[in-house]
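Going letter by letter, the sequence shown gives residues 1 to 308 in the UniProt record's numbering. For glycine and all other residues, C-beta sits at the position ideal for the given N, C-alpha and C. Here the structure is a predicted model, which is why all the values come from computation and not from measurement. Read through the structure below, which is laid out as structure tokens, and then see the notes.
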Amino acid sequence: MYPRIAGSAVLRQLRPRLLPTSKAAVVNVRWGSAEPLREGEEEGKMNKEEISEKKEVVSSYWGIPPSRLAKDDGSGWRWNCFRPWETYKSDITIDVNKHHVPKNFLDKFAYYTVKTLRVPTDIFFQRRYGCRAMMLETVAAVPGMVGGLLLHCKSLRRFEHSGGWIKALLEEAENERMHLMTFMEVAKPKWYERALVFIVQGIFFNAYFLAYVVSPKLAHRITGYLEEEAIHSYTEFLKDLDEGKIENGPAPAIAIDYWRLPPDATLRDVVVVVRADEAHHRDVNHFASDIHQQGHELKEHPAPIGYH
């Protein structure tokens, strides 16, 4: 009998906390405020201004207020996937014809591996460079992420700095992903192309992961040659644009803001800056492979962070 009475007493004490909507002695307060509601006012009858205020309080409850960003001209910033300070003007004066001549077995293995991978790509896409670019970037964004991930884990295991290479490789991966977001506005992928991405990305991610674990030197060299092939593809893309085989429409809005292009920029302008990005990635990865080839570690040489 006594346990039952004690249990009832505990339940009476806990009921207001467990069941706040009950008519037990509950004091209604505003969300995120200690001020009681006015007499006769119910939470369900708040006007629109009060509901809006409630939502703002919730979003900033943990000290993370909603960001209000603006462009240089004062207009609102429309993108959540990147911020104004992450934008840049690409250096399009970079030499896009530079080529690393294979010198040893690993170099030749990397070079001919990439050349072999190009064959099915040429057969499948032929000269549909919009779709080709879109599919290319789903693969091109993998090496930087894999390399950055493995260097991050290595840094944690060895209690050492990475020389900035984690940040540099993750920057590369993010930049390649932004290429994809841009070309998504130019060429909409069909269902079978989306299915192809699942297959190719799954195979390439795991293969590249293993290659980087076994030989970072080989992995970076493969990426360097992949970037050289990307430069070639974008050069052919530009030729078709110049010859009128592909319509040179307006640049997507996301590209104008990301690369700080003029408002009247065209698709050709976008392809030019993307090709320049690929040339910078080519240099970074061949440089990383050379460091390993000379018997050094990446951390011994400062990473080219912000090399655009």
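The C-alpha of His-100 is placed about 12 angstroms away from the C-alpha of Ala-279. Inter-residue distance for Ala-173 and Gly-148 is about 9 angstroms (C-alpha atoms, whole angstroms). Contact between the stretch 295-305 and the stretch 187-206 is absent, with fewer than three C-beta pairs closer than 8 angstroms. Per DSSP, the beta bridge partners of Gly-76 are Ala-70. Here Asn-80 is exposed, its C-beta having fewer than 16 other C-beta atoms within 10 Å.
Rounded to the nearest whole angstrom, the C-alpha separation of Arg-177 and Leu-298 is 24 angstroms.
In this structure, the beta-carbon distance from Leu-180 to Ser-162 does not fall below 9 angstroms. Shortest Cα-Cα distance from Val-142 to any of Ala-253, Phe-209, Asp-95 involves Phe-209. Contact annotation: the stretch 240-247 touches the stretch 122-142, with at least three C-beta pairs closer than 8 angstroms. Residue pairing from DSSP places Thr-266 in a beta bridge opposite Pro-250.
Assignment of Ser-162 by DSSP, reduced to helix, strand and coil, places it in the coil class.
The stretch 77-95 makes no contact with the stretch 104-122; the number of CB pairs closer than 8 angstroms stays below 3.
Annotation for Lys-239: the continuous alpha helix (DSSP H) segment containing it runs 216-242. Secondary structure of Trp-191 (DSSP, three-state): helix. Segment contact: the stretch 153-162 against the stretch 256-270, fewer than three CB-CB distances shorter than 8 angstroms; contact not assigned. Closest by C-alpha distance to Met-135, out of Trp-191, Ser-155, Glu-171, Tyr-111, is Trp-191.
If the five residues before and after Leu-261 are omitted, its C-beta is found closer than 8 angstroms to the C-beta atoms of Ala-251, Ala-255, Asp-269, Val-270, Val-273, all from its own chain and listed in chain order.
Taking a 10 Å sphere around the C-beta of Phe-198, we find fewer than 16 other C-beta atoms and assign the residue as exposed. In this structure, DSSP gives Tyr-111 a helical state, which the three-state scheme calls helix. With respect to the 9 angstroms criterion, Ala-140 and Glu-227 are classified as neighbours on the basis of their beta carbons. Look at Tyr-258 here: in three-state DSSP terms it is helix. At a Cβ-Cβ threshold of 9 angstroms, Arg-221 and Ala-110 count as neighbours.
Taking 9 angstroms as the cut-off, the beta carbon of Ala-168 is found closer than this to the beta carbon of Val-284. Take Glu-137, set aside five residues on each side of it, and the residues of its chain with a beta-carbon closer than 6 angstroms to its own are Glu-176, His-179, Leu-180, in chain order.
For Tyr-129, the enclosing alpha helix (DSSP H) covers residues 129-140. Approximately 4 angstroms separates the beta-carbon atoms of Gly-224 and His-286; this is inside 8 angstroms, confirming the contact. Minimum Cα-Cα distance from Pro-216 among the listed residues Gly-295, Arg-118, Ala-230 corresponds to Gly-295. Taking 9 angstroms as the cut-off, the Cβ atoms of Gly-144 and His-281 count as close.
Selection Ala-230, Cys-131, Ile-231, Tyr-212 evaluated against Glu-185 yields Cys-131 as nearest (Cα-Cα).
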